[in-house]
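When you line the sequence shown up against my numbering, it's residues -1 to 209, in that order.
C-beta atoms are modelled at their ideal positions from N, C-alpha and C, and glycine is treated no differently.
Have a look at the structure below before the remarks.
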Amino acid sequence: MNPNQLIFDSYIRMADAIYSVFNVSCEVVIHDVTKVESSLIYLKGDVTGRSVGAPTTEVILRELKKKHEDIKDLNGIITNTTRGKMIKTSIVFIRDMDGKVIGFLGINLDITEINRLHHVLEEMIRPDTSYDGQHLDETYATHVDEVFDNITKSTIVELGIDVENLRRKDRITFVRQLESKGIFLIQGSADRIAELLGVSKQTIYNSLEEK
């Protein structure tokens, strides 16, 4: 039995209560981040199209790279998904008795239609206001390969590089950028990055360690 199961069970009851209030256009999830490749262990509702066993998200991978005491809950984030939905999300990190992050509870509210109506009304009355909120592009993958591919592809675009003709300096920058995004928390990622760049796995590790 998972030693943290009692902790997760208490959050499952909370998830059921939250879902019963919002219900339509709402999804409540619980993730166990001790295994990021298949961290989704409980799901109520359907907003992101995922199912139990789905991987964690890119946003969470970045948070997990921080020290446990520096990881803070994320409330009221606006995420734009690759499926064209706008979702308002709040994330509460779940900790064990020692304060270590072991998972998180996520509340995802589909505000796509609300946002459309908002713009219609805004056009009609033209208020002197602006929408206030943090916008992030999020994947909500159904398989960890999607998370890996999105991180690598977005990093290639950010750096403006050609992975087939990388100079040593650019390779080091690329690998370190991937590491900062938490990609090495995904099992087997070093092998896949080595294959992508046409180098050895040891070269990838050397790129991380080189001063």
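Query                                                                                                                                                           : Result
I need the straight-line Cα distance from Gly180 to Ile123, nearest angstrom please.                                                                            : 44 Å
Report yes or no: do three or more beta-carbon pairs, one from the stretch 166 to 179 and one from the stretch 21 to 29, lie closer than 8 Å?                   : no
According to the neighbour-count rule (16 or more other Cβ atoms, all chains shown, within 10 Å of its Cβ), is Ser18 buried or exposed?                         : exposed
Determine whether the beta carbon atoms of Val145 and Leu194 lie at a separation below 8 Å.                                                                     : no
Which residues share a DSSP beta bridge with Phe102?                                                                                                            : His29, Phe91
State whether the stretch 1 to 16 contacts the stretch 91 to 107, with contact taken as three or more CB pairs (one from each stretch) at a distance under 8 Å. : yes
Along the chain, where does the alpha helix (DSSP H) that runs through Lys167 open and close?                                                                   : 166 to 178
So, are the CB atoms of Leu107 and Ile85 less than 8 Å apart?                                                                                                   : yes
Quick one: measure Cβ to Cβ for Glu136 and Thr79, integer angstroms, because I've assumed they're closer than 8 Å.                                              : 6 Å
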